[in-house]
Every structure is written in structure tokens, then in C-alpha cells.
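The structure appears below as C-alpha cells.
Numbering (the working numbering), first residue to last: 6 to 71.
See the structure below:
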């Protein structure tokens, strides 16, 4: 494993660990937001589901420029 591959693997692991920790708290946050507005709770959940794909897509676009 070369240096760049190791850095990419470490960055991916850290990103997924942080996102996984965030996912642990998502039900509580979604219920709190859902108490304000059920539609807002659904929008929040949609954003949570789209976020990792958008993040990795943007990261790959920035890495391809190098």
C-alpha cells in the first residue's frame, strides 16, 4: 500500500466514523425536528441520506483535479 492509498483509506475511515457517530443521534434529532413539523423531519432525513453520497462525489471531483 503506497502513501496516497493509505491516506485515502484513512480519510475514508475517518469520514465514515464521524458520519456513523452522527447517524447514532439522527433518530433523536429527527423526532425533535418532526415535533416542529413532520415535513421538516422528512426533509431532514432526506438530507441525511443524501449527504454521504454528495460528500464523496464532491471529494472525488476535487481529487480528480490533482
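Idealized CB from N, CA, C, for every residue including glycine.
Cβ neighbours of residue i in the same chain (closer than 7 angstroms, five flanking residues each side left out)
| i | result |
| --- | --- |
| residue 46 | 35, 38 and 39 |
Spatial distance of residue i from residue j (CA atoms)
| i | j | result |
| --- | --- | --- |
| residue 29 | residue 52 | 15 angstroms |
| residue 61 | residue 14 | 13 angstroms |
| residue 11 | residue 21 | 15 angstroms |
| residue 48 | residue 63 | 21 angstroms |
Beta-carbon spacing of residue i, residue j below 8 angstroms
| i | j | result |
| --- | --- | --- |
| residue 24 | residue 57 | yes |
Residue i (DSSP reduced to helix, strand or coil)
| i | result |
| --- | --- |
| residue 6 | coil |
| residue 51 | helix |
Residues of its chain near residue i, where Cβ-Cβ distance is below 6 angstroms and the 5 sequence neighbours each way are ignored
| i | result |
| --- | --- |
| residue 55 | none |
| residue 31 | 53 |
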